[in-house]
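Novice:
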Amino acid sequence: MDIIENTTLCQWDYTQQDFLTSTAPYEAIYKLHKNPFEHGQAMAAMVAYAKTQGFTGFKAMYKNYCESLKLAENTILVDNTTQFSGQPLELDAGDWEADDLGVGRDSGWGHQVACPHPVLPVERLVNIDTGVEKLRLAYRKGKNWREIIVDKSTLASAQKVTALADRGISVTSETAKAFVQYISDLENLNYDRLPERKSIGRLGYIPGEGFSPYVEGLLFDGDASFRDLFGAVRAQGEWETWLKTARACRAMSITARVMLAASFASPLLEVLGALPFFVHLWGVDSGTGKTVALMLAASVWGDPAVGSYIKTFDATVVGHEKTAAFLNHLPLCLDELQLAKSGRGPAQFDVYKLAQGVGRTRGNKYGGVDQTPTWRNCILTTGESPLTSQSAGAGAVNRVIDIECKADQAVITDGMGVSSALKNNFGMAGRQFVERLYAIPDALDTVRERYRTFFRELSQKDTTEKQAMAAAAILVADQLATGWFFRDGLGLTIDDLTDFLASKAAVSAGERGYQYLCDWVAQNAARFQGGPLASEGRSLEVFGVLEADEVFIIRSVFQRTVSDAGFSPAALLSWLKQNELIRTRGRNRTLSKRINGVRTECVCLRLPREELDEEPELLP
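When the letters of the sequence shown are read in order and numbered with my numbering, they come out as residues 8 to 627.
#1: Rounded to the nearest angstrom, what separates I156 and Y146 at their Cα positions?
#2: Apart from the five residues just before and just after Q188, which ones in its own chain have a Cβ nearer than 6 Å to its Cβ?
#3: Quick one: complete alpha helix (DSSP H) runs, 4+ long, within the segment 447-507?
#4: Count the other CB atoms within 10 Å of the CB of F271; is the residue buried (16 or more) or exposed (fewer)?
#5: Under three-state DSSP, which class holds L580?
#6: At the 7 Å Cβ level, is F507 part of the contact set with chain B, yes or no?
#7: Apart from the five residues just before and just after F461, which ones in its own chain have a Cβ nearer than 6 Å to its Cβ?
#8: Only counting runs of 4 or more residues, tell me where the alpha helix (DSSP H) segments fall wholly within the segment 173-232, in order along the chain.
#9: So, with DSSP's three-state summary, where would you put S398?
#10: Would a C-beta distance cut-off of 7 Å place T638 and I561 closer than the cut-off?
#11: Under three-state DSSP, which class holds Y21?
#12: Is the number of C-beta pairs between the segment 303-313 and the segment 234-254 that are closer than 8 Å three or more?
#13: For the candidate residues A513, I317, N42 and D20, whose alpha-carbon lies nearest to that of T395?
#14: Please state whether the Cβ-Cβ distance between G364 and P283 is less than 7 Å.
#15: What is the DSSP secondary structure of W152, reduced to helix, strand or coil?
#16: Could you work out which residue in P123, A446 and V313 is closest to E181 when comparing CA atoms only?
#17: According to DSSP, simplified to helix, strand and coil, what is P125?
#18: Between the C-alpha atoms of D192 and A484, what's the straight-line distance to the nearest angstrom?
#19: Specify the secondary structure class of K167 as computed by DSSP and reduced to three states.
#20: Between the segment 312-329 and the segment 249-265, are three or more C-beta pairs nearer than 8 Å?
#21: Can you check DSSP and say which residues form a bridge with D158?
#22: Use the C-beta contact count for L619: other C-beta atoms within 10 angstroms, 16 or more gives buried, fewer gives exposed.
#23: Considering Cα atoms alone, identify which of K205, A163, D230 and T22 is closest to V222.
#24: Tell me, to the nearest whole angstrom, how far the beta carbon of Q90 is from that of A105; I am working on the premise that it is less than 8 Å.
#25: Under 7 Å, do F320 and L337 count as touching if we go by C-beta distance?
#26: Is DSSP giving R289 helix, strand or coil here?
#27: Let's test the definition: count the other Cβ atoms within 10 Å of the Cβ of D52 and tell me whether it reaches 16, buried, or not, exposed.
#28: So, are the CB atoms of D136 and I213 less than 7 Å apart?
#29: For R264, which three-state DSSP category applies?
#30: Whole angstroms is fine: what's the gap from S427's alpha carbon to L250's?
#31: If L210 and P220 are in contact, beta carbons under 8 Å, what's the gap, nearest whole angstrom?
#32: Excluding sequence positions up to five away, which residues of its chain have a Cβ less than 7 Å from the Cβ of G537?
#33: Quick one: Cα of F227 to Cα of K159, how far?
#34: Do V168 and T179 have their C-beta atoms closer together than 7 Å?
#35: Tell me which same chain residues have a C-beta within less than 7 Å of the C-beta of A185, skipping the five on either side of it?
#36: Under 8 Å by Cβ, that's how I've got G520 and V569 pegged, so tell me the actual separation to the nearest angstrom.
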């Protein structure tokens with residue numbers, strides 16, 4: 008009775024019947040809930056007072072009262088809430104003590120510490136692409152609150168959650184289990200109170216939702232390493248200034264028009280069911296405007312500064328895959344091919360892998376398999392040399408539109424003025440393009456029909472199917488952008504694109520391999536018996552025998568030479584036999600030949616006949 012007599016907070020006159028049929032006793036306590044100390048005092052006093060009236064269930068009944076208010080008003084009306092100073096959200100804490108001293112609770116095993124500083128969930132994120140849920144946590148160390156987005160799979164595992172220590176949340180192997188339980192309890196106790204937002208971890212088209220990042224209220228929840236790139240896809244400056252600059256660039260060269268059109272073509276590849284392809288500007292001369300042309304293409308979507316939307320080749324194969332998958336349907340822009348070189352010199356860049364649009368399936372440290380990265384976009388690049396070498400596979404050569412840039416034929420003049428304008432005005436055209444694409448009735452059907460028409464016409468030219476597919480996508484995008492935005496009468500034509508497309512012979516790995524062998528024989532004539540310098544008695548390694556219109560190459564020498572050049576010996580031999588460019592014995596692909604008195608197996612290669620034409624005709 009002392010607690011009642013000595014406390015001015017609780018001068019009550021309630022009967023047992025009041026506790027059973029009225030809300031007055033419970034209202035009297037609840038009005039103090041925002042002051043934890045006074046609320047606690049009053050609760051203890053009321054519990055003691057209720058017992059004097061023959062009512063022993065006050066605390067349980069009070070909790071039911073608060074729950075009823077919560078259901079009625081969707082607010083936190085309980086006797087134990089989070090009490091963090093400056094907290095962004097007040098949550099039902101259940102049986103956890105959550106105040107400025109940290110988070111903990113008493114249990115049968117003693118006092119459990121979940122975290123020594125304020126921390127609580129403040130938002131639930133649902134990825135509209137994958138359905139995966141994440142939680143945004145707010146935490147305070149010192150004076151300032153900070154936030155972090157965390158996978159729920161991490162928050163559900165005592166083994167994984169310790170990784171949050173790297174981000175400043177004090178969770179250890181000793182407190183991890185309690186921390187996991189605390190976050191789980193608070194989410195479940197406050198499920199309806201926690202705000203829920205749509206999120207995305209990539210750019211590009213999302214079925215049923217729209218085009219990321221242009222979906223209203225969409226929040227980025229992806230890899231932190233791509234946060235800056237996600238932020239680079241935005242609008243800045245004046246539309247008319249960008250449009251004037253783009254029109255001026257289109258008037259400077261066909262190449263500038265191709266790069267700009269390829270940028271617009273990137274989101275069309277998904278619609279058309281087309282594969283990724285490259286447009287590569289190269290040249291040893293400086294001042295040709297290659298990088299500025301790449302900036303023009305990037306400015307369609309966002310900040311064109313190198314290091315912002317534009318990346319360099321200085322990354323791993325996995326890094327390029329992840330970036331392409333993140334951009335998804337937006338163009339991947341890479342500057343300076345020469346940065347992709349190893350210490351030994353050759354470029355460390357796999358064109359074919361990126362052009363496939365599918366990354367490698369990789370396991371993770373938890374014994375599962377990570378989601379396989381996919382992408383379907385245009386890849387726009389620059390460098391001092393062609394993107395593919397003579398020995399590159401046909402699959403790689405087929406996916407690249409290589410455009411040489413020379414000093415006397417600058418892609419863009421006044422590079423400084425153009426780049427300055429683009430750095431201050433960007434990111435508006437891309438959004439308008441995709442919004443029109445998906446908003447205009449029958450626009451997608453029109454795009455597909457125009458694409459098929461261009462593809463049929465291009466297929467009649469001396470080029471491959473995949474080169475024709477890439478060029479058709481560029482032409483469709485240019486038509487749309489010219490009609491919607493530029494209206495300058497400078498739309499690309501089939502003839503404009505044909506000049507840049509690789510011929511069937513140039514794409515064929517067999518053709519290129521045969522030409523390489525012919526060049527190699529000419530360069531090493533002194534090492535062949537019967538060659539012009541072979542009779543001089545030089546002590547040289549012998550490669551074979553050179554006769555009138557054919558050369559016998561020792562089989563081991565052939566295999567070594569072809570492999571060193573990057574060709575497959577078996578594949579090249581198969582092509583040479585199919586095209587009757589080697590003499591063979593039955594089903595074999597070699598002939599026996601006596602060299603230096605020793606009979607050995609050789610590849611008997613037929614050499615081009617000398618013709619009056621500029622290009623020698625291959626032997627039938």
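We put the beta carbon where it would ideally sit given N, CA and C, even for glycine.
Specialist: Taking the definition as stated:
#1: I156 and Y146: Cα-Cα distance of roughly 11 Å.
#2: Cβ neighbours of Q188 beyond the five flanking positions: none.
#3: Runs of the alpha helix (DSSP H) spanning 4 or more residues and lying entirely within the segment 447-507 occur at 450-466, 472-488 and 501-505, in chain order.
#4: Taking all protein chains in view, the Cβ of F271 is crowded by 16 or more other Cβ atoms within 10 Å, so the residue is classified as buried.
#5: The answer is helix: DSSP assigns L580 an H, G or I state.
#6: Within the model displayed, chain B is absent; a lone protein chain is all it includes.
#7: These residues qualify, in order along the chain: A479 and L482.
#8: Runs of the alpha helix (DSSP H) inside the segment 173-232: 183-196.
#9: Because the pLDDT at S398 is just 45, under 50, the model does not fix this residue reliably, and the value given afterwards should be weighed accordingly. In the structure shown, S398 sits in coil (DSSP, three-state: anything other than H, G, I, E or B).
#10: The structure shown does not extend to residue 638, since the chain is modelled only from 8 through 627, so no value can be given for it.
#11: In the structure shown, Y21 sits in coil (DSSP, three-state: anything other than H, G, I, E or B).
#12: Three or more Cβ pairs drawn from the segment 303-313 and the segment 234-254 lie within less than 8 Å of each other, which places the two stretches in contact.
#13: Looking at the Cα atoms, A513 is the closest of the given residues.
#14: Yes; because the gap between Cβ atoms is below 7 Å, this pair is in contact.
#15: Assignment of W152 by DSSP, reduced to helix, strand and coil, places it in the strand class.
#16: Proximity to E181 across P123, A446 and V313 peaks at P123, based on C-alpha coordinates.
#17: In this structure, P125 counts as coil in the three-state DSSP scheme.
#18: When the Cα atoms are used, D192 and A484 turn out to be separated by approximately 52 Å.
#19: Three-state result, K167: coil.
#20: Contact fails: fewer than three Cβ-Cβ distances are below 8 Å.
#21: Residue pairing by DSSP places D158 opposite K141 in a beta bridge.
#22: Legend: pLDDT at L619 = 37, less than 50; position of this residue unreliable, no value from coordinates given.
#23: Answer by Cα proximity: K205.
#24: Their Cβ separation, rounded to whole angstroms, is 6 Å, which keeps Q90 and A105 in contact under 8 Å.
#25: The answer is no: Cβ separation not under 7 Å.
#26: Reading off the sequence shown, one finds Trp at residue 289, where the question assumed Arg. In the three-state reduction of the DSSP assignment, W289 falls in the strand class.
#27: Here residue 52 turns out to be Ala, not Asp, going by the sequence shown. By the C-beta density criterion, A52 is buried, having at least 16 other C-beta atoms within 10 angstroms.
#28: Contact: yes.
#29: Note: R264 maps to helix in three-state DSSP.
#30: Rounded to the nearest angstrom, the two C-alpha atoms are 14 Å apart.
#31: The beta-carbon distance between L210 and P220, rounded to whole angstroms, is 6 Å. This is short enough to meet the 8 Å contact definition.
#32: Excluding residues within five positions, the ones whose Cβ falls inside 7 Å are V552, L553 and E554.
#33: Spanning the two alpha carbons is a distance of roughly 16 Å.
#34: No, the pair does not count as a contact, with Cβ atoms beyond the cut-off.
#35: Within the same chain, Cβ atoms closer than 7 Å to the Cβ of A185 are found at Q119, V120 and A121, the five residues on either side in sequence being excluded.
#36: With a Cβ gap of about 7 Å, G520 and V569 count as contacting.
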